[in-house]
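The sequence shown begins at 910 in my numbering and counts up one residue at a time.
Structure, as structure tokens:
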Amino acid sequence: MASSGRQSSEAEAEAARQWGAEGIGLLRTEFLFAATSTLPDEDEQRKRYVQVFRAFKGHDSKRSRSPVVVRTLDAGADKPLPALNSIIGPVVEANPALGQRGIRISLAHQGLLEEQLRALLLAAAETETELHLMFPMITTVEELRMAKEIVERVYEQLRQRQVTLPSFLTRVPVGIMVEVPAAVAMAPELAEIADFFSIGANDLLQYTLACDRTNASTAYLYNPMQPAVLRLISQIATAGRRAGKPVAVCGEIASDVRLAPVLIGLGVDELSMTPTTLPKVRAVLLLRSSQELQDLAQKVLQAKTVAEVEQVCSEF
910 MASSGRQSSE AEAEAARQWG AEGIGLLRTE FLFAATSTLP DEDEQRKRYV
960 QVFRAFKGHD SKRSRSPVVV RTLDAGADKP LPALNSIIGP VVEANPALGQ
1010 RGIRISLAHQ GLLEEQLRAL LLAAAETETE LHLMFPMITT VEELRMAKEI
1060 VERVYEQLRQ RQVTLPSFLT RVPVGIMVEV PAAVAMAPEL AEIADFFSIG
1110 ANDLLQYTLA CDRTNASTAY LYNPMQPAVL RLISQIATAG RRAGKPVAVC
1160 GEIASDVRLA PVLIGLGVDE LSMTPTTLPK VRAVLLLRSS QELQDLAQKV
1210 LQAKTVAEVE QVCSEF
């Protein structure tokens, strides 16, 4: 099991290093577009990514090639970013959770994604960072194919500029956030194309239970111990294992000391969490053998209710 941090700024990247993260499992990139009304160009983005990559690596030579998983722009009506208004305008939708967001915006405005990818590759080359790219809100095989075609187009653009990338960046791993049940259903097919999966547990819970996580009237449904969600995570882990593709989990569930052992027992390879929670989760996992974690996971998969999952976890 690998443990990694979730970051969205230079300060958080440095904190991940200080708390012993083995990599950055989720680097959000919205921070570049949130604090300004002016769209940052390629060079501005490159400079900020360089700062984040260097903040994580510090002066530790052992981190010279620690993996950094970067999620491409994850915008939408529920995540308004002023800098994008000049390109996509203010996004106003009756149901933003089901609208134009994540990879859907990037595919609709491909120049925006191309610029971001060029900046990331150049920053990774400058800092010798092992870059992994991750696309949010992938729902279909077609979306992933289109996104990977854009990655290849960006490589060609850099070649035309006569940019020479180091060998470890000539084909960066490309993965997806698994956040919707449709992606779970197609996980075996998506695993043929993606290099890795990262489960966005918060959104997967929201979409699976059809409950708004900010709505108090449906708060009783929004519980990471929902058996349906844990069974979906098991399906994703199985698809990843069969295809030889690593599976990570991001979200509050990854730092829950009751559920972290369940996730590893289900076959999840990596947990991505806020840096300060890394030590306590590691401590809990080190107390148990792999077989014990697998036995726990099998008991959880037999549970029919949240209460039953809670009981199994409390008795572990």
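Yeah, the Cβ is synthetic: ideal placement off N, Cα and C, and Gly gets one too.
Q. Considering only residues of the same chain and omitting the five flanking positions on each side of R963, which have a CB-CB separation below 7 Å?
A. Excluding residues within five positions, the ones whose Cβ falls inside 7 Å are T1036.
Q: From the DSSP output, in three-state form, read off R1197 for me.
A: The DSSP-derived three-state label of R1197 is coil.
Q. Residue range of the alpha helix (DSSP H) that G1149 falls in?
A. Counting along the chain, the alpha helix (DSSP H) containing G1149 begins and ends at 1136-1152.
Q. Pairing CB atoms from the segment 934-941 with CB atoms from the segment 975-982, are three or more of them under 8 Å?
A. Contact between the segment 934-941 and the segment 975-982 is established, with three or more Cβ pairs separated by less than 8 Å.
Q | The beta strand (DSSP E) enclosing P976, as first and last residue numbers | A | Going by DSSP, P976 is part of the beta strand (DSSP E) stretching over 976-980.
Q) Where does L1040 fall in DSSP's three states? A) In this structure, L1040 counts as strand in the three-state DSSP scheme.
Q: Take H968 and list the residues in its own chain whose beta-carbon comes closer than 7 Å to its own, dropping the five residues that flank it on each side.
A: Note that H968 has pLDDT 49, beneath the 50 cutoff, so the model's placement of it is unreliable and no number is given.
(Q) Could you tell me the alpha carbon to alpha carbon distance between F1044 and Y1129, rounded to whole angstroms? (A) Rounded to whole angstroms, the gap between the alpha carbons of F1044 and Y1129 is 30 Å.
Q) How should I933 be labelled, buried or exposed, when 16 other C-beta atoms within 10 angstroms of its C-beta is the threshold for buried? A) In this structure I933 is buried. Its beta-carbon is surrounded by 16 or more other beta-carbon atoms within 10 angstroms.
Q: Tell me where the beta strand (DSSP E) around A1157 begins and ends.
A: It spans 1156-1159 - the beta strand (DSSP E) in which A1157 sits, taken as one unbroken run.
**Q.** Distance, A1216 Cα to G1011 Cα
**A.** Roughly 33 Å between the two C-alpha positions.
Q. Using DSSP with H/G/I as helix, E/B as strand and the rest coil, what is K1240?
A. With the chain represented from 910 up to 1225, any question about residue 1240 goes unanswered, as that position is not in the structure.
Q | Residue range of the unbroken beta strand (DSSP E) whose run includes E1224 | A | Premise fails: E1224 lies in the alpha helix (DSSP H), 1215-1224, not in any beta strand (DSSP E).
Q: Note down, in chain order, each residue of its chain lying with its Cβ closer than 7 Å to the Cβ of V990, except the 5 sequence neighbours on either side.
A: Position check: residue 990 holds Leu in this sequence, whereas Val was assumed. Cβ within range, chain order: E939, F942, A943, A984.
Q: Round the Cβ separation of V1087 and F1106 to the nearest angstrom and send it over; I've been treating them as touching at under 8 Å.
A: The pair is a contact, with the Cβ atoms about 5 Å apart (cut-off 8 Å).
Q: Report the three-state DSSP secondary structure of V1093 (helix, strand or coil).
A: In the structure shown, V1093 adopts helical secondary structure according to DSSP, grouped into three states.
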